[in-house]
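Residues 3 to 71 (the numbering used here) make up the sequence shown, in order.
We put the beta carbon where it would ideally sit given N, CA and C, even for glycine.
Note that the structure is a prediction, hence the values are computed from the model and not measured.
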Amino acid sequence: MKFLGSLFLGLCFLIYALYCHQNGGSHHKGRGWVTKEEAPKTHIFNMILIIVIGLSQIIFFAYANLKDL
């Protein structure tokens, strides 16, 4: 199993996105934890970015391990 760290990081990103979604906010630089009502555009941008990074890490892990088969 190559690049196991990539799978771990991808899962961590997706778990953090789920945590932010369930608690209705996210962490913003210089402001700390803010709710999605206080900063809706930043919250949406953060959620999209975190999910894309998490999924890309998992897809990279799958690609790296399946191409050798």
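Opening and closing residue of the beta strand (DSSP E) in which residue i lies
| i | result |
| --- | --- |
| Gly27 | 27-30 |
Residue burial classification, residue i (beta-carbon count within 10 angstroms, cutoff 16)
| i | result |
| --- | --- |
| Ile50 | exposed |
| Ile46 | exposed |
| Ser28 | buried |
| Phe10 | exposed |
| Leu34 | It is Gly, not Leu, that sits at residue 34 in the sequence shown. Answer is exposed; the Cβ neighbour count stays below 16. |
Residue nearest to residue i in terms of C-alpha spacing, selected from the options
| i | options | result |
| --- | --- | --- |
| Leu57 | Lys43, Met3, Leu16 | Leu16 |
| His23 | Lys31, Pro42, Gly32 | Pro42 |
Residue span of the alpha helix (DSSP H) that contains residue i, given as start and end
| i | result |
| --- | --- |
| Leu51 | 42-68 |
C-beta contact flag for residue i and residue j at 9 Å
| i | j | result |
| --- | --- | --- |
| Phe5 | Asn48 | no |
Supposed close pair residue i, residue j - CB separation, criterion 8 Å
| i | j | result |
| --- | --- | --- |
| Ile53 | Ala19 | 5 Å |
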